[in-house]
Amino acid sequence: EPTLNGRFGGTENKVWGLHNSVGGVQQTKSCTIGRLMGDIKFKMKCHRKLSELRKKGTAFILVTHNSHSILNICETSIFLKKGQLIASGDTEKVIRTYEEDLCLSGTENALGRMVLPPKPKEKSNGLDIVSLCFKDEQNNALPTLFTGEPAYLSVECKSYEHINSGNLGMLITALSGGEGLVLYLTTASDNQELVIPVGKSEIRMYMPYCSMVPGVYSARIYIRDGVLSYDIVESFRFTVKANRTISRCQFYQPREWQVVSE
């Protein structure tokens with residue numbers, strides 16, 4: 064009988080998929096693919112064999128780098144880390160736990176809210192950023208963002224002058240995964256000039272969905288008018304989590320599927 068053997072998550076983190084047997088019969092089958100994984104025909108032959116075994120009610124353990132394979136094949140999974148059981152049960156939930164651990168491991172959770180100390184007027188350039196946070200569509204503060212979910216970036220500021228053509232910019236860098244610069248957004252690139260009145264006001268950027276995958280990020284946020292910089296926040300840290308599977312993706316793409324008959 065053929066065997067499927069592999070690793071998922073490196074030497075320390077592993078996800079094992081277990082397909083439940085039918086009728087209470089517990090059997091374990093395996094097949095060896097090895098270096099022939101590049102051979103597409105052989106790969107398809109192995110997949111067909113595994114499909115036949117599954118239809119017959121055979122149980123097997125799958126260990127693989129490909130979490131999509133686990134999602135498509137396995138009904139039940141377990142997540143082991145350094146020999147410890149981290150999660151078990153429904154495959155989709157276990158994969159989400161694994162991916163969150165993989166993306167956030169070694170990084171400190173950031174709460175996504177910052178309140179800056181007030182400046183005296185004589186030290187201001189005309190406008191000061193007072194606080195930063197994310198909010199949901201009901202205007203509640205969000206401690207974390209969720210991939211694929213809507214959110215507002217809220218920038219509260221205090222202005223000592225009327226500004227007719229303000230430009231807010233945000234450079235987002237990934238602190239986990241070593242991806243570097245992820246997004247560079249400005250109101251100027253969106254052809255929107257901000258009119259900011261004297262006094263306190265809130266600038267909002269609406270995101271219909273968060274495109275960032277789970278991880279910890281740092282945003283550099285500034286408000287300018289031409290070459291004049293009013294205020295800059297060098298590092299606003301926040302965390303992105305997921306309540307859906309974002310396996311092997313560098314960003315989230317919303318989509319809809321359909322079959323059209325010809």
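Under our numbering, the first residue of the sequence shown is numbered 64, with each subsequent residue one higher.
Yeah, the Cβ is synthetic: ideal placement off N, Cα and C, and Gly gets one too.
Sequence-distant residues of the same chain with beta carbon closer than 6 Å to residue i, five excluded per side
i, result
"N76", "Below a pLDDT of 50, predicted positions are generally treated as unreliable, and N76, at 43, falls in that range; no measurement from the model is reported."
"L244", "T236"
"Q316", "none"
"V261", "S222, H225"
Chain-order list of residues whose beta-carbon lies under 7 Å from that of residue i (same chain, five-residue window excluded)
i, result
"S228", "E256, D288"
"L99", "Low confidence applies here, because L99 scores a pLDDT of 43, under 50, leaving its location unreliable; read the following figure in that light. Excluding positions up to five away in sequence, the list reads F105."
"E297", "R283"
"D191", "K182, C220, K221, D294"
Which listed residue (the options) has its alpha carbon closest to that of residue i
i, options, result
"T250", "L234, N230, L148, I266", "N230"
"F314", "L246, A282, Y269", "L246"
"S239", "R300, L291, L248, G232", "R300"
"S252", "R267, I226, M233", "M233"
"Y161", "S194, Y223, K304", "K304"
"D199", "S217, K186, S187, L190", "S217"
"V279", "I124, E163, K118, I133", "E163"
"A60", "G189, C109, K108, E138", "Since the displayed the chain opens at 64 and closes at 325, residue 60 lies outside it and no answer follows."
"V47", "L134, G175, R111, L179", "No statement about residue 47 is possible, as the shown extent of the chain runs from 64 to 325 and does not include it."
"T154", "S132, Q147, L174, D102", "S132"
Residue j beta carbon less than 8 Å from that of residue i
i, j, result
"M270", "P213", "yes"
"S130", "R311", "yes"
Residues that DSSP places opposite residue i in a beta bridge
i, result
"D288", "L291"
"F105", "Answer by DSSP bridge pairing: none, since F105 is not bridged."
"V323", "According to DSSP, V323 bridges with nothing at all."
Neighbourhood of residue i by C-beta distance below 8 Å, restricted to the same chain and skipping five residues each side
i, result
"R307", "R159, T210, G211"
Chain C contact for residue i (CB, 8 Å cutoff)
i, result
"E155", "The question asks about chain C, but that chain is absent: this structure has only one protein chain."
Practice prompt. Any chance you could list the alpha helix (DSSP H) runs of at least 4 consecutive residues sitting entirely within the region 151-214, in chain order?
Written response: 154-167
Discussion item. What ranges does the beta strand (DSSP E) occupy inside the region 241-276, keeping only unbroken runs of at least 3 residues that lie completely in it?
Written reply: 243-249, 257-259, 262-270
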